[in-house]
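J.: Right, I'll just put the structure down here and ask away after.
In my numbering, the protein residues as written are 311 to 405.
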């Protein structure tokens with residue numbers, strides 16, 4: 311899945327660069343209406359690219375996320391054990 315997202319990002323970058331180049335050409339001519347519409351499209355694509363960048367951590371680091379979840383579960387189990395030991399009177403406040 312991470313490979314597909316890298317390809318999608320490359321394709322999006324190519325589209326973005328093509329549109330940016332077209333806008334530059336359109337601004338030099340009489341197509342100001344077209345340029346405004348394409349600027350809006352360019353901004354939308356930039357937002358899309360940023361959203362892909364922000365989700366890459368979720369897509370690309372599945373093993374890291376699973377390890378974090380396992381560590382959190384381990385911590386919860388330790389805290390539950392500590393709470394239960396206080397409930398049973400097995401712990402004292404001395405070190």
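By construction, the Cβ of each residue, glycine as well, lies at the ideal position given by its N, Cα and C atoms.
Would residue 333 and residue 348 qualify as a contact pair, given that the criterion is a beta-carbon distance under 8 Å?
T.: Their beta carbons are under 8 Å apart, which means residue 333 touches residue 348 by this criterion.
J.: Using three-state DSSP, classify residue 394 as helix, strand or coil.
T.: Helix, per DSSP.
J.: Let me know if residue 345 comes out buried or exposed under the rule of 16 or more other beta-carbons within 10 Å of its beta-carbon.
T.: Flag for residue 345 reads buried.
J.: Would the beta-carbon of residue 355 fall within 8 Å of that of residue 329?
T.: Going by C-beta atoms, residue 355 is nearer than 8 Å to residue 329.
J.: Kindly give me the distance between the Cβ atoms of residue 386 and residue 319, rounded to whole angstroms, as I take these residues to be in contact under 8 Å.
T.: Actually they do not touch by this definition, with Cβ atoms about 36 Å apart.
J.: Give me the Cα-Cα distance between residue 350 and residue 376, rounded to the nearest whole angstrom.
T.: Their Cα atoms are separated by approximately 39 Å.
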